[in-house]
Amino acid sequence: MQLSQLLAKNFSVSLDDLTRAENYQKKIGGRLEQILVNMGSLPDDQIPQLYSQFLELPLVDISQWLDVVTPKISEKDLSLLLDNHWVPLLIKDNCWSFACRFPLELKVNEWLSQNDIEADIYVASEADILALSSKFDALIKNETEQEFLGDEEDRLRELATEAPTVNLLNSLITRALRQGASDMHLEPFNGRYRARFRVDGVLHEAEMLAPRMQLPIVTRLKILAGMDIAEKRRPQDGKIEMKIANQELDIRVSALPLNDGESMVLRFLRKDNVQYDMSVLGLSNDIETMIREDIKTTAGVVLLTGPTGSGKTTTLYTFLNALNNDDVKIITLEDPVEYQLPGINQVQVNSDIGFDFSAGLRSIVRQDPDIIMLGEIRDKETAQIAMQSALTGHLVFSTVHTNDAASAYTRLLDLGVEEFLLNAALVSIVAQRLARKVCEQCSEPHPDALDLVEKYQLQEMANKFNLPEIKLSHGKGCEHCSHTGYKGRMAVTEYLNCDDEIKAMPKDSDFIPKAKEHNAQLKRRTLMEDGFYKAILGLTTIDEVVRVAG
0 MQLSQLLAKN
10 FSVSLDDLTR
20 AENYQKKIGG
30 RLEQILVNMG
40 SLPDDQIPQL
50 YSQFLELPLV
60 DISQWLDVVT
70 PKISEKDLSL
80 LLDNHWVPLL
90 IKDNCWSFAC
100 RFPLELKVNE
110 WLSQNDIEAD
120 IYVASEADIL
130 ALSSKFDALI
140 KNETEQEFLG
150 DEEDRLRELA
160 TEAPTVNLLN
170 SLITRALRQG
180 ASDMHLEPFN
190 GRYRARFRVD
200 GVLHEAEMLA
210 PRMQLPIVTR
220 LKILAGMDIA
230 EKRRPQDGKI
240 EMKIANQELD
250 IRVSALPLND
260 GESMVLRFLR
270 KDNVQYDMSV
280 LGLSNDIETM
290 IREDIKTTAG
300 VVLLTGPTGS
310 GKTTTLYTFL
320 NALNNDDVKI
330 ITLEDPVEYQ
340 LPGINQVQVN
350 SDIGFDFSAG
360 LRSIVRQDPD
370 IIMLGEIRDK
380 ETAQIAMQSA
390 LTGHLVFSTV
400 HTNDAASAYT
410 RLLDLGVEEF
420 LLNAALVSIV
430 AQRLARKVCE
440 QCSEPHPDAL
450 DLVEKYQLQE
460 MANKFNLPEI
470 KLSHGKGCEH
480 CSHTGYKGRM
490 AVTEYLNCDD
500 EIKAMPKDSD
510 FIPKAKEHNA
520 QLKRRTLMED
530 GFYKAILGLT
540 TIDEVVRVAG
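Numbering follows numbering that gives the first Met the number 0, in which position 514 of the sequence shown is assigned residue number 513; successive positions increment by one, without gaps.
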């Protein structure tokens, strides 16, 4: 089978893309598969499988080779092999075992022929090659030290622009995007450099990189993010704008010095595929109906509560998007502005020049807005201005960090806001967590459904909330969900309407239990109950609900 046929049949490359790549190859040259990678038509991490199938060679299992004794080989020969991404794994008699990125590399095949060497060849990814070649670091350490005796900054820049560094970083970012990761973490771990992806709020190990790749990768990220590459003692923040696999991407980069290197965290902000739609949030129908009524009001404060990473800002953006039209002026005050919303005036706070939330809010109210969104209420002054703005005819959205809805009252009182101001201004409070959804492609009935129904008294809950049947499910794991059993996330919420009874309650130490009892009488669910409600419908799992809301 020809390479182009294999690409079309097994790797889902379209005929149009193949034709364009072949035409480019005829004019400019280069390898067809690499041209397709550069076009964004073929993921870089599928190249090893492509070579394995096309050349009928096995893929390397690096766990079998990491502890094997390094074969003895001359510096000249080792340099030739490693420079061309071939790693010698074992030498037995005159038969050598190699892991390689590109099995048809001309220079290495000529060297094998000249030295009459038989070769067992394993196909490997860029990261596998780097991990295996790290076993030879001791042999090339002296040479590397000599290279750094010159201008260190120039050498760092050179390392950061070398092909292995560029390819590896691009490959990691592409893989993270394909898996739907929100963040990528790079950090020293057990003498190696570990890459992990946060997918649907949970970290998964993606790759263990060679220790010698830490400095080049950190340096490249710092260069791209506009950081100081010579500064390794203090934290730094930066931003990268790039296009990978036809996706417009903003990447927020954070560098944190550690004892044994630097931790780099990349937050991916996709420009193209962000949806701010109520239906995407996964709110229960009854809660969505109540929230829609609340945000139609012309004045008051609607609060979102929850820990960092619980999707509060995304939910607020969704509310704003539902209200965004030519009749209203909406201004937001954020730290930082992560996504641009068309038709909405977004302002970023800058503490370095004294432009914090309270100063920004004072300026915003002079701009005659109808709706204001505050990224977070952090202090007394901001809280008081927000409440007073609501009393003067503005609809205000904001967030506070509390565990449940009723605790938002006590949090604001602790900040120093007067009780009468809270009673007059607050419309509703929504506590939120994000639970992973069961993968639709591999969902099946949960094998322990009967035990879970009994343990968590789910039948009583189903009766209480008028659910006709209990459909507990789980994902068995498939390619679509990277074998996790989960794909995507949904909001698990607790809704508290600041009605007359809530306003009449004294805001003392008994307020939180009384507010919860009031909600229960109105058949409104707690965070845990809303999670179980969604698990009964088969949308998430009991384990996931306990993890995020327990």
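The beta-carbon is built from N, C-alpha and C at its ideal position, and this holds for glycine as well.
All values derive from a computational prediction rather than experimental measurement.
Taking each of Lys106, Phe53, Phe101 in turn and checking the Cα distance to Ser78, the smallest one comes out for Lys106. Every alpha helix (DSSP H) of 4 residues or more that sits fully in the stretch 341-376 is shown, in chain order, as 356-363. The shortest CA-to-CA distance from Val395 to any of Leu425, Val217, Asp44, Phe196 is the one to Leu425. In this structure, the CA atom of Leu414 is about 31 Å from the CA atom of Arg266. Out of Pro102, Gln4, Phe97, Leu81, the CA that lies nearest to the CA of Pro47 is found in Pro102. Relative to the Cα of Val491, the nearest Cα in the group Val348, Arg233, Leu282, Asn22 belongs to Leu282.
Annotated three-state conformation of Val107 is helix, per DSSP. For Thr409, the uninterrupted alpha helix (DSSP H) segment begins and ends at 406-414. Of all C-beta pairs linking the stretch 171-185 to the stretch 195-205, three or more are shorter than 8 Å, placing the two stretches in contact.
In the DSSP annotation of this structure, Ser40 is not part of any alpha helix (DSSP H), being labelled neither H nor E.
For His473 and Pro444, the gap between their C-alpha atoms comes out near 6 Å. Taking the CA atoms as reference points, Met527 sits about 21 Å from Ile501. Distance between Gly374 and Val301, taken at the CA atoms: about 12 Å.
Under the 8 Å Cβ criterion, the stretch 80-87 does not count as touching the stretch 13-27, having fewer than three qualifying pairs.
Relative to the Cα of Asp378, the nearest Cα in the group Gln52, Glu161, Val399, Ala430 belongs to Val399. Between Val336 and Val346, the CB-CB gap stays under 9 Å. Non-local beta-carbon contacts of Ala389 in its own chain, meaning distances under 7 Å to residues more than five positions away in sequence, involve Ala298, Gly299, Val300, Val395, Ala424 in chain order. Short of 8 Å from the beta carbon of Val279, and not among the five residues preceding or following it, lie these beta carbons of its own chain, in chain order: Thr317. The residue from Thr312, Asp276, Ala321 with its alpha-carbon nearest to that of Asp293 is Ala321. Phe53 has its alpha-carbon roughly 21 Å from the corresponding atom of Asn22.
For His203, no alpha helix (DSSP H) run applies; the uninterrupted beta strand (DSSP E) run containing it begins and ends at 201-208, by DSSP.
Of all alpha-carbon atoms in Asn465, Leu457, Leu495, the one lying nearest the alpha-carbon of Thr540 is that of Leu457. When DSSP states are grouped into helix, strand and coil, Phe464 belongs to the coil group.
With respect to the 9 Å criterion, Ala254 and Leu220 are classified as neighbours on the basis of their beta carbons.
Exclusion of the five residues before and after Glu380 leaves Ser357 as the residues of its chain whose Cβ lies within less than 8 Å of its Cβ. With respect to the 9 Å criterion, Ala430 and Gly342 are not classified as neighbours on the basis of their beta carbons.
The beta carbons of Phe510 and Ala405 sit closer together than 9 Å. Put simply, the stretch 117-127 touches the stretch 58-65. At least three CB pairs are less than 8 Å apart. Sixteen is the threshold: when 16 or more other Cβ atoms of the shown chains lie within 10 Å of the Cβ of Ala548, as they do, the residue is buried. In the three-state scheme derived from DSSP, where H, G and I count as helix and E and B as strand, Cys99 is classed as strand.
Taken through DSSP and simplified to helix, strand or coil, Tyr532 comes out as helix. In this chain, the alpha helix (DSSP H) harbouring Met386 covers 379-390. Between the C-alpha atoms of Glu230 and Val217 there is a straight-line separation of about 11 Å. By the neighbour-count criterion, in which 16 or more other beta carbons inside 10 Å mark a residue as buried, Glu74 falls on the exposed side.
Within its own chain, the residues whose Cβ lies closer than 7 Å to the Cβ of Leu223, once the five positions on either side in sequence are excluded, are Ile239, listed in chain order. Contiguous alpha helix (DSSP H) elements confined to the stretch 232-288 occur at 277-280, taking only those with 4 or more residues.
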